[in-house]
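Just so we're aligned, residue 5 is where the sequence shown starts under the numbering used here, counting upward by one.
First comes the structure, then the notes that go with it.
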Amino acid sequence: MDHADDGSAARSSGRRVHVPGLGERDAPARVTAFELFFDLVYVFAFTQVSRLMAEAHSGLGVLQGLVVLGLLWWTWVGFSWISNQASVDQPAFRLGMTVTMIAVFVGALTIPESYEDLEGGWYGPLVFAGAYATVRIAHITIYAVLSPGDPLLRRQLLIFLAALVPGVALILLGAAVGGQAQLWLWIAAIVYDLAATRVGSILGRGWRIPSVQHWAERYGLVVILALGESIVAIGVGVAAEPIDLPIILGSAAAIVVSVLLWWSYFARLAVRGEHRLAEVDEHRRAVRGADAYSYAHLVIIAGIIVAALGIEDAMKHVSDSRGLGWFGAIALASGIAAFAAGTALFAFLIGERAPAFRITEAAVILVAIPLLASVPALAALLLVGAIMGIIAAAEATADRRRARSAAGS
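Here you go:
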């Protein structure tokens, strides 16, 4: 199937289901303005996760931040499924999403004290856990309201509800007991939730992706929002410093890194993912959409956030002549490597050819960590940008050769 046929398939699947009783027209195929508005609370949440990691400035702090990010991600994923099946331009749906926005924002406010309560006020970890539970309850409630005439979806929701309770209970229990146990209980909750949702989806077979175009666009936009954090990190790192040549050069290098991250996803994979999703039937589309987008994109988003942490740390020391240090080097390199690995996994799950260039990029960046730690921050940013640029150029050249070969045959 050529790309023109793929595009037709995507457009033909671009109308989402009509929800009985909640609207008088089919939902549009494109992401709506209210969905973008809804996602803004997650922009703030991503910033708070970065703040948690940066202030801890340790491997434990990064792990804690990634756990919080995983919890936030799974709440966002739930609404990506709902909004693909029904228009959010309906009053009842908007009301439910507004309640969710409030809960997500409250949760984001408490991220800095999600593990260690600050003096005064309410107990931070429990407030975060309560906000998380509220979002999960709002999600299942909205879905139940949207599915009165869909027995298969109702059955899937019952399975999902049964699987949801233990995960939320682990989050609340972890916040209540605190200490080291909290982190392990929250990790257990994430692992359980991911596994239980996957098994429940196989048993229920009730999830659907009516609009391929909307689905791919929604996930592409959340990648853009996360990439925005890498841009913000540049400014945060030097916000209080007088402008000079190292800051200008470091900013330029960091922006190049962000642009190359953007290129790796949007110029190489985003459209292909939409095409591959449109090629398959309804059931396989739901499975592929969950695996390649809901699951694999967590690795992509986490990679961007950790890379942004590394960029911020490098920019804080961009004028220094001493080495960047292990924390900044590991954050920068592991974030980019995780992003590359996430895009490789995404490519594999959508049925693309073996993503050798992405795997190579991840490996080379990781091997370079000792060098990045020993050279000045500006040199580290330039080196990372050079590695990514060389691999991107090689990947683009290989793609052009394959395209010419296919056209010739």
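Note that beta-carbon positions come from the ideal geometry of N, C-alpha and C, so glycine has one too.
- One thing to note: residue 147 has its Cβ no nearer than 9 angstroms to the Cβ of residue 170.
- Just so you know, the alpha carbons of residue 179 and residue 333 end up roughly 32 angstroms apart.
- Nearest in C-alpha terms to residue 106, of all of 116, 121, 137, is 137.
- The region 246–264 and the region 283–294 do not touch, with fewer than three beta-carbon pairs separated by less than 8 angstroms.
- Here residue 94 is not near residue 187, since their CB atoms are 9 angstroms or more apart.
- From the listed residues 141, 110, 142, the smallest Cα separation to residue 128 is found for 110.
- Around the beta-carbon of residue 126, fewer than 16 other beta-carbon atoms lie within 10 Å, marking it exposed.
- A Cβ-Cβ distance of about 7 angstroms is found for the pair residue 350 and residue 304, placing them in contact under the 8 angstroms criterion.
- Residue 285 carries a coil assignment under DSSP once its states are collapsed to helix, strand and coil.
- Three or more beta-carbon pairs separated by less than 8 angstroms link the region 269–277 to the region 214–228, which places the two stretches in contact.
- Residue 161 and residue 90 do not touch by the CB rule: their CB atoms are close to 14 angstroms apart, not below 8 angstroms.
- Going by beta carbons, residue 240 and residue 117 fall outside the 9 angstroms limit.
- If only complete runs of 4 or more residues are kept, the region 329–370 shows the alpha helix (DSSP H) at 330–353, in order along the chain.
- Per DSSP, the continuous alpha helix (DSSP H) segment holding residue 155 begins and ends at 155–181.
- Counting only the Cα atoms, residue 123 lies some 42 angstroms from residue 221.
- Cβ contact annotation for residue 323 (same chain, cutoff 6 angstroms, sequence separation greater than five): 250, in chain order.
- When the beta-carbon positions are compared, residue 236 and residue 358 stay at least 9 angstroms from each other.
- Around the C-beta of residue 143, 16 or more other C-beta atoms lie within 10 Å, and the residue is accordingly described as buried.
- Rounded to the nearest whole angstrom, the C-alpha separation of residue 338 and residue 300 is 16 angstroms.
- Here the region 355–374 makes contact with the region 393–400; the two share three or more CB pairs at distances below 8 angstroms.
- Taken through DSSP and simplified to helix, strand or coil, residue 104 comes out as helix.
- Bounds of any alpha helix (DSSP H) do not take in residue 94, whose DSSP letter is neither H nor E.
- Between the region 245–259 and the region 376–390, the count of Cβ pairs shorter than 8 angstroms is three or higher; the stretches touch.
- Taking a contact as a CB-CB distance under 8 angstroms, the pair residue 156 and residue 210 counts as one, their CB atoms being some 5 angstroms apart.
- Counting the other CB atoms within 10 Å of its CB gives residue 341 a total of 16 or more, which places it among the buried residues.
- Exclusion of the five residues before and after residue 212 leaves 89, 286, 290 as the residues of its chain whose Cβ lies within less than 7 angstroms of its Cβ.
- Going by beta carbons, residue 53 and residue 76 fall inside the 9 angstroms limit.
- Cα atoms of residue 182 and residue 121: separation of roughly 9 angstroms, rounded to the nearest angstrom.
- Here residue 135 is not near residue 103, since their CB atoms are 9 angstroms or more apart.
- Put simply, of 277, 194, 101 the residue whose alpha carbon is nearest the alpha carbon of residue 41 is 101.
- In summary, residue 412 is exposed, with fewer than 16 beta-carbon neighbours lying within 10 Å of its beta-carbon over all protein chains present.
- Residue 175 and residue 44 have their alpha carbons spaced roughly 24 angstroms apart.
- Here residue 294 is near residue 205, since their CB atoms are less than 9 angstroms apart.
- Judged by their CB atoms, residue 377 and residue 329 are nearer to each other than the 9 angstroms cut-off.
- Just so you know, the alpha carbons of residue 72 and residue 409 end up roughly 46 angstroms apart.
- Sequence-distant Cβ neighbours of residue 37 in its own chain, meaning closer than 6 angstroms and more than five residues away, do not exist here.
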